[in-house]
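**Student:**
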Amino acid sequence: MNPFKDLKAVVVTALEDMARDGALPAGLDFERVGVDPPRDAAHGDVATNAAMVLAKPAAMKPRDLAEGLAARLREAAHVQVVEIAGPGFINLRLDPAYWQGCLAGILRAGTSYGRSDLGAGQPVNVEYVSANPTGPLTVAHARGAVVGDAVASVLAAVGYKVTREYYINDAGTQVDVLARSAYLRYREALGETIGEIPSGYYPGEYLKDVGAALAARDGDKWLVTEEEAWLPVVRRFAIDTLMTRVREDLAALGVRQDVFTSEASLVEAGGSDAVVRTLEARDLVYTGTLEPPKGKVLDDWEPRPQMLFRATRFGDDVDRPLRKSDGTWTYFTADMANHLDKYRRGGEVMIDVWGADHGGYVKRMKAAVEALTEGKGHLEVLICQMVKLLRDGEPVKMSKRAGTFVTLREVIDEVGKDVVRFIMLTRKNDAPLEFDLTKVMEQSRDNPVFYVQYAHARARSVLRLAATELPDLDQAPAALATVPLARLTDSTELGLIKHLSLWPRLLEGAAEAYEPHRVAFYLYDLAAAFHGLWTKGKDEARLRFLVADDAEVTAARLALVQGTALVIAAGLSIFGVEPVEEMR
RNA sequence: GCGCCCGUAGCUCAACUGGAUAGAGCACCGGCCUUCUAAGCCGGAUGUUGCAGGUUCAAGUCCUGCCGGGCGCGCCA
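So the number in the working numbering is just where the residue sits in the first sequence, counting from 1, plus 4.
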């Protein structure tokens, strides 16, 4: 059920008929032919650019081509008016019966309306969050979490087989710093005065819990041992504790990932070595010395020969180091192992959601995927820009260095997970986002979460009232598909159906572009259309949803209300947001 | 210095992968509640899409060069 796809088929069929009749050259590619809702409703219900994009390959004048196509489209079912406009657009207006039929189709499809098999079951791996387990999640992490989760849901809805993945960065020097920081808190928990946290350590208060928990478990046994004895134990303990907390935070946000891959175990299992061997076999590894970056002062720079990956062969700016001077692998090497692992587990298509501070890392990872998969794997990276947390328009003070930052958990506790999720999706991922804790709780049109929820609540409210007044009417979507929908004739009613008819097309577009925010804007527009119809019924009694002496029109309108509620709920469920039954 | 991202109405942002006269909200003005939620709706103004070129029937969208902002730039992750 996809009205605009059906309309495209109508146009393509007409073009094929023309080719068969000799009105068009044979073998034209209709790929670029668009059949879209026009920006301006005055242009009709649907517009196609077919005459313009085919004019050149067909060696015809756009106007002539348009005349021929328009003549055939006039014969198509439900086509009321066909006009040629501007440089060669063909505008179609469809009769009310077409749109009434669409509503019936939407209701028959029910909750599966909008879903499709576009992806044809192709596997896609979406990796997101992947935060270091060195502290609680923040609002910045939340954006990546929600965007990744929504991209995954959008792709799943259009038929891809999606794996949601988290890569745990539990190896390297940062987790050693974590361990030493936690050890300080452990000593503190056992009564020592540790004073100010030295620089280079994680100062966050949250590590007090970790230290105390370790003291409770192991007593004072690590106080007297050397670092090499306690470090692996404390590190493991701290990582496990913090990862548990990360998972709890994600659960509170409604994010549940399928696969958690540990960098440490990947390296331990020889993943990095395997990556280097693979690259060596393809002659993509050499020992060389990198130039210092120009225009940037590096006081401790000294030229050093190191093991390098020929990333420049795959479009990167410089070749990239694989091994640190202490002999261990770089983060990059381990992450290559991660991506090779994902690829082998069955994902030619991989999507990574990263923070803005990793933007400089995109080219090398794409280069690595191309090299490791011999061009068969494809990596797409979505960069999430900053989240500016505000309260009443004023920035909320945060400093990671001083350990004073607002955690995701605090924000969820304050405004609720649904608000966090929706707001995080009201911007393109690569645009900065303002998150005003005051504004998102406002009940006004300025707050999209409220506005969309209100529309759904109003729709449900009508259906509740109808259930008591018309107990014999079956409100199930499939049942409402059979009522006399021809009674829906007002332009506002038909306009609302047209909005609903866009949903499958919009969802596919959001999936192909990896842009879940489109769903948020769609829902906002749909809510506006519904609120408009609602109020029109207040002004003109004949347009009220429930008309006491006309059971038919009431049933038809309830079908429209049900369809609207259905689509809003479907959109919100893509976002992992619960549609509300009533506003409080 | 180099690379990536961004630049649209006074403010916050859209613009359906190149379509028609660039649209919403906020703010400002004026209307609409004995009736399904007025937490809403209707009407009113606002633009050299940072600048300059180029490609195209068609450019906010693609290409080149500038200007402005953000992020990043060997052995952190």
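For each residue, glycine too, the CB sits at the ideal point set by N, CA and C.
Would alanine 341 be called buried (16 or more neighbouring beta carbons within 10 Å of its own) or exposed?
**Tutor:** On the first sequence, position 337 is the one that residue 341 refers to. With 16 or more Cβ atoms within 10 Å of its Cβ, alanine 341 is classed as buried.
**Student:** Using the three-state DSSP reduction, which class does glycine 319 fall into: helix, strand or coil?
**Tutor:** Residue numbering aside, residue 319 sits at position 315 when the first sequence is read from its first letter. DSSP places glycine 319 in coil when its eight states are reduced to three.
**Student:** With alanine 161 and leucine 511 assumed to form a contact (beta carbons below 8 Å), what rounded beta-carbon distance in angstroms separates them?
**Tutor:** As a working mapping, residue 161 is identified with position 157 in the first sequence. As a working mapping, residue 511 is identified with position 507 in the first sequence. Contact flag correct, Cβ pair sits at about 6 Å.
**Student:** Sort Asp529, Leu484, Leu211 and Trp538 by Cα distance to glutamate 556 and report the nearest one.
**Tutor:** The count along the first sequence starts at 1 and reaches residue 556 at position 552. The shortest Cα separation from glutamate 556 among Asp529, Leu484, Leu211 and Trp538 belongs to Leu484.
**Student:** Do arginine 147 and methionine 428 have their CB atoms nearer than 7 Å?
**Tutor:** Within the first sequence, numbered from 1, the residue matching residue 147 stands at position 143. Within the first sequence, numbered from 1, the residue matching residue 428 stands at position 424. Yes. Within cutoff.
**Student:** Determine contact between the region 170-182 and the region 262-277, defined as no fewer than three beta-carbon pairs at a distance below 8 Å.
**Tutor:** With a cut-off of 8 Å, the region 262-277 and the region 170-182 count as touching, because enough Cβ pairs lie within range.
**Student:** CB threonine 430 to CB alanine 524, shorter than 7 Å?
**Tutor:** Within the first sequence, residue 430 is the residue found at index 426, counting from 1. Within the first sequence, residue 524 is the residue found at index 520, counting from 1. Cβ atoms of threonine 430 and alanine 524: closer than 7 Å.
**Student:** Could you tell me the alpha carbon to alpha carbon distance between leucine 111 and proline 7, rounded to whole angstroms?
**Tutor:** Position 107 of the first sequence, counted from the start, is the residue given in the question as residue 111. Position 3 of the first sequence, counted from the start, is the residue given in the question as residue 7. Using only the alpha carbons, I get a separation of about 13 Å.
**Student:** Between the Cα of glutamate 414 and those of Lys540, Ser276 and Thr142, spot the shortest distance and give me the residue it belongs to.
**Tutor:** Within the first sequence, the letter at position 410 stands for residue 414. The residue with the shortest Cα to Cα distance from glutamate 414 is Thr142.
**Student:** Beta-carbon separation of proline 325 and leucine 312 under 7 Å?
**Tutor:** The residue given as residue 325 occupies position 321 in the first sequence. The residue given as residue 312 occupies position 308 in the first sequence. Contact: yes.
**Student:** So the alpha helix (DSSP H) arginine 240 belongs to, where does it begin and stop?
**Tutor:** Taking the first sequence and counting its residues from 1, one reaches residue 240 at position 236. Counting along the chain, the alpha helix (DSSP H) containing arginine 240 begins and ends at 231-256.
**Student:** Where do the N-terminal and C-terminal ends of the beta strand (DSSP E) with tryptophan 358 fall, by residue?
**Tutor:** Within the first sequence, numbered from 1, the residue matching residue 358 stands at position 354. That run of the beta strand (DSSP E) goes 353-359.
**Student:** At what residues does the beta strand (DSSP E) containing glycine 292 begin and finish?
**Tutor:** Against the first sequence, residue 292 aligns to sequence position 288. Note, glycine 292: beta strand (DSSP E), 289-293.
**Student:** Quick one: what does DSSP say alanine 273 is sitting in, helix, strand or coil?
**Tutor:** What you label residue 273 is simply residue 269 of the first sequence in a count that begins at 1. Coil.
**Student:** Any contact between the region 431-438 and the region 473-481? By contact I mean 3 or more CB pairs, one from each, below 8 Å.
**Tutor:** Segments in contact, no.
**Student:** So does the region 83-96 actually touch the region 46-53, counting three or more Cβ pairs closer than 8 Å?
**Tutor:** Because the criterion of three Cβ pairs below 8 Å is met, the region 83-96 and the region 46-53 touch.
**Student:** At the level of alpha carbons, what is the spacing between aspartate 153 and threonine 411?
**Tutor:** Locating residue 153 in the first sequence gives position 149, counting from the first residue. Locating residue 411 in the first sequence gives position 407, counting from the first residue. So the alpha carbons of these two residues sit roughly 19 Å apart.
**Student:** Can you give me the Cβ contacts of leucine 11 inside the same chain, cut-off strictly under 7 Å, excluding the 5 residues immediately before and after it?
**Tutor:** Along the first sequence, read from residue 1 onward, the residue named residue 11 stands at position 7. If we look at leucine 11 and ignore the five residues flanking it on each side, its Cβ neighbours are Val39 and Val50.
**Student:** Helix, strand or coil for glutamine 457? Go by DSSP, reduced to three states.
**Tutor:** Position 453 of the first sequence, counted from the start, is the residue given in the question as residue 457. Residue state, collapsed to three classes: helix.
**Student:** Tyrosine 132 to alanine 149, Cα distance in whole Å?
**Tutor:** Translated into positions along the first sequence, residue 132 becomes position 128. Translated into positions along the first sequence, residue 149 becomes position 145. Taking the straight line from one Cα to the other gives about 6 Å.
**Student:** Classify aspartate 356: buried if its beta carbon has 16 or more other beta carbons within 10 angstroms, exposed otherwise.
**Tutor:** The count along the first sequence starts at 1 and reaches residue 356 at position 352. Burial call: buried.
**Student:** Is it buried or exposed for aspartate 303, if we count other Cβ within 10 angstroms and need 16 for buried?
**Tutor:** Counted from its first residue, the first sequence places residue 303 at position 299. Looking at its Cβ environment, which holds fewer than 16 other Cβ atoms inside 10 Å, aspartate 303 is exposed.
**Student:** Who are the near neighbours of threonine 316 in its chain, counting only those whose CB is closer than 6 Å to its CB and skipping five residues on each side?
**Tutor:** Start at 1 with the first residue of the first sequence, and residue 316 comes out as number 312. Within the same chain, threonine 316 has close Cβ partners Asp323.
**Student:** Is the beta carbon of alanine 278 closer than 7 Å to that of leucine 182?
**Tutor:** The count along the first sequence starts at 1 and reaches residue 182 at position 178. The count along the first sequence starts at 1 and reaches residue 278 at position 274. It is not a contact, given that the beta carbons lie outside the stated cut-off.
**Student:** Thinking alanine 375 and arginine 286 are a contact (beta carbons under 8 Å), I'd like their distance in whole angstroms, please.
**Tutor:** To locate residue 375, count along the first sequence from 1; it is residue 371. To locate residue 286, count along the first sequence from 1; it is residue 282. Right, the Cβ-Cβ distance comes to about 7 Å (below 8 Å), so this counts as a contact.
**Student:** Got a sec? Which residues, its chain only, sit under 6 Å from glycine 123 by beta carbon, not counting five neighbours each side?
**Tutor:** Position 119 of the first sequence, counting from 1, holds the residue named residue 123. Val162, Gly163 and Tyr164, listed in sequence order.
**Student:** In its own chain, which residues sit with a C-beta less than 7 Å from the C-beta of tyrosine 102, not counting the 5 before and 5 after it?
**Tutor:** For the purposes of this step, residue 102 is identified with residue 98 of the first sequence, where counting begins at 1. The residues are His82.
**Student:** Restricting to Cα atoms, I'd like to know which of Pro202, Tyr205 and Ala216 is closest to glutamate 192.
**Tutor:** For the purposes of this step, residue 192 is taken as the residue at position 188 of the first sequence. Considering only alpha carbons, the answer is Ala216.
**Student:** For the beta strand (DSSP E) that tyrosine 210 lies in, which residues bound it at each end?
**Tutor:** The sequence position of residue 210 within the first sequence is 206, counting from 1. Looking at the DSSP string, tyrosine 210 is not in any beta strand (DSSP E); the run it does join, the alpha helix (DSSP H), is 210-222.
**Student:** When the Cα atoms are used, what is the spatial distance from leucine 257 to leucine 576?
**Tutor:** If you number the first sequence from 1, residue 257 lands on position 253. If you number the first sequence from 1, residue 576 lands on position 572. Going from the Cα of leucine 257 to the Cα of leucine 576 covers about 14 Å.
**Student:** Could you pull the start and end residues of the beta strand (DSSP E) that leucine 386 belongs to?
**Tutor:** Walking along the first sequence from the start, residue 386 turns up at place 382. Unbroken beta strand (DSSP E) run through leucine 386: 382-388.
**Student:** Could you tell me the distance, in whole angstroms, from the CA atom of valine 85 to the CA atom of proline 488?
**Tutor:** Taking the first sequence and counting its residues from 1, the one referred to as residue 85 is at position 81. Taking the first sequence and counting its residues from 1, the one referred to as residue 488 is at position 484. Between valine 85 and proline 488, the C-alpha separation is close to 24 Å.
**Student:** Spell out the partners DSSP gives valine 130 in its beta bridges.
**Tutor:** Looking up residue 130 in the first sequence gives position 126. Valine 130 pairs with Arg168 and Ile355.
**Student:** Are the beta-carbon atoms belonging to glycine 381 and tyrosine 347 less than 7 Å from one another?
**Tutor:** Indexing the first sequence from 1 puts residue 381 at position 377. Indexing the first sequence from 1 puts residue 347 at position 343. Their beta carbons are under 7 Å apart, which means glycine 381 touches tyrosine 347 by this criterion.
**Student:** Using the Cβ count rule (16 or more neighbours within 10 Å means buried), how would you classify arginine 234?
**Tutor:** Counting from 1 along the first sequence, the entry for residue 234 is found at position 230. Reading the sequence as shown, one finds tryptophan at residue 234 and not arginine. Tryptophan 234 should be labelled buried.
**Student:** Among residues of its own chain, excluding the 5 on either side of glycine 292, which ones have a beta-carbon nearer than 6 Å to its beta-carbon?
**Tutor:** For this step, residue 292 is matched to residue 288 along the first sequence. Here the set comprises Leu312.
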